[in-house]
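To keep things clear, I will list the structure first and then write my remarks on it.
In the numbering used here, the protein residues as written are 1 to 285.
Printed below as a string of structure tokens:
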């Protein structure tokens with residue numbers, strides 16, 4: 001999900017939309033699909049609304065439509081068609097209808113049904129990720145009220161956390177948390193579902209956790225991996241002072257890991273501090 005108050009560099013937009021930077025630049029030059037802000041250093045800076053609109057174009061392009069034709073259509077029409085293309089006649093379509101209607105009971109029933117039918121791993125990948133993308137886009141575009149976005153997040157996140165607790169394994173322990181300032185949990189919880197599928201035993205400490213608290217939990221629980229997450233580079237930058245010192249303070253044998261799209265721009269520096277990036281730590285362990 002995108003954050004309406006943040007801006008995104010072109011490499012982040014490429015990851016979020018599936019559109020290569022070269023194509024994004026070409027669309028800007030030829031069609032003025034969106035006009036990113038140019039920073040003093042010349043870098044492009046995209047708003048969450050622009051990212052959501054580009055993702056709508058990307059969905060339709062993936063189905064064989066042409067950008068030259070799409071840019072001639074009203075933006076509202078493009079968004080509506082992309083939304084329908086993504087979830088129409090699927091369980092996610094029914095969930096999205098419940099979210100728009102703020103029908104909590106209906107949404108909870110649909111989520112429970114899909115989780116029971118698919119199992120946690122498939123539910124996370126086939127339901128949670130696509131639904132989160134559509135909800136995030138509609139919210140960023142002003143097509144979904146904040147109450148709807150909050151409802152979706154609360155129901156989905158709670159169900160994922162409950163499922164992770166129910167399906168505990170006896171494998172090696174990983175402690176996970178979101179960095180201070182990071183409140184987006186959809187991504188890390190899907191990753192934890194993947195790790196549980198691989199046999200890891202998980203202890204999730206939650207969102208917006210001080211780095212010192214993660215350190216103290218590592219000494220108390222003695223995990224094989226301490227995994228931290230951030231969805232935006234600014235979150236990592238804000239915590240960099242604490243992050244630089246953390247690996248040297250961990251108990252012997254604990255592997256420090258950091259993931260999420262926010263870690264990728266700082267991967268070289270973080271590796272120099274002693275971190276494994278993304279799922280590297282779990283393969284090594």
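Glycine included, every Cβ here is placed at the ideal spot set by N, Cα and C. Owing to the predicted nature of the structure, the values given are computational and were not obtained by experimental measurement.
Annotation for residue 112: the continuous alpha helix (DSSP H) segment containing it runs 104-118. Residue range 201-204 is occupied by the beta strand (DSSP E) that includes residue 201.
Membership of residue 274 in any alpha helix (DSSP H) is not indicated, and neither H nor E is assigned to it by DSSP.
The C-beta distance from residue 195 to residue 202 rounds to 6 Å, short enough to fall under 8 Å. One thing to note: residue 221 has its Cβ no nearer than 8 Å to the Cβ of residue 258. Judged by DSSP secondary structure, residue 175 falls within the beta strand (DSSP E) whose first and last residues are 173-178. When secondary structure is reduced to three states using DSSP, residue 73 falls in the coil class, being assigned neither helix nor strand. Cα atoms of residue 47 and residue 137: separation of roughly 12 Å, rounded to the nearest angstrom. Annotation: the continuous beta strand (DSSP E) that includes residue 44 extends over 44-47. Rounded to whole angstroms, the gap between the alpha carbons of residue 156 and residue 273 is 34 Å. Under the three-state reduction of DSSP output, residue 231 falls in the coil class, being neither helix nor strand.
In the DSSP assignment, residue 126 falls outside any beta strand (DSSP E), carrying neither H nor E. Non-local beta-carbon contacts of residue 10 in its own chain, meaning distances under 8 Å to residues more than five positions away in sequence, involve 21, 24, 25, 36, 43, 44, 46 in chain order.
A straight line joining the alpha-carbon of residue 260 with that of residue 158 spans about 20 Å. Three or more Cβ pairs drawn from the segment 76-83 and the segment 129-149 lie within less than 8 Å of each other, which places the two stretches in contact. Residue 257 is bridged by DSSP to 227, 276. In the same chain as residue 193, and ignoring 5 residues on each side of it, the C-beta atoms closer than 6 Å to its own belong to 120, 121, 124, in chain order.
The beta-carbon separation of residue 53 and residue 13, rounded to 11 Å, does not stay under the 8 Å limit for a contact. Setting aside the 5 residues that flank it on each side, residue 171 is surrounded in the same chain by 199, 200, 201, each with a C-beta closer than 7 Å to its C-beta; the list follows chain order. For residue 55, the secondary structure class from DSSP, reduced to helix, strand or coil, is helix. The Cβ atoms of residue 230 and residue 267 do not sit closer than 8 Å to each other. Burial is judged here by how many other beta carbons sit within 10 angstroms of a residue's own beta carbon; residue 142 has fewer than 16 and is exposed. The Cβ atoms of residue 160 and residue 128 lie closer than 8 Å to each other. Residue 17 sits in a helix when the DSSP states are folded into three classes. When rounded, the separation of the alpha-carbon atoms in residue 102 and residue 251 is 46 Å. Per DSSP, residue 169 lies in no alpha helix (DSSP H) and is assigned neither H nor E.
Residue 7 carries a strand assignment under DSSP once its states are collapsed to helix, strand and coil. A Cβ-Cβ distance of about 5 Å is found for the pair residue 99 and residue 152, placing them in contact under the 8 Å criterion. The DSSP-derived three-state label of residue 38 is strand. Straight through space, the alpha carbons of residue 206 and residue 16 are spaced by roughly 24 Å.
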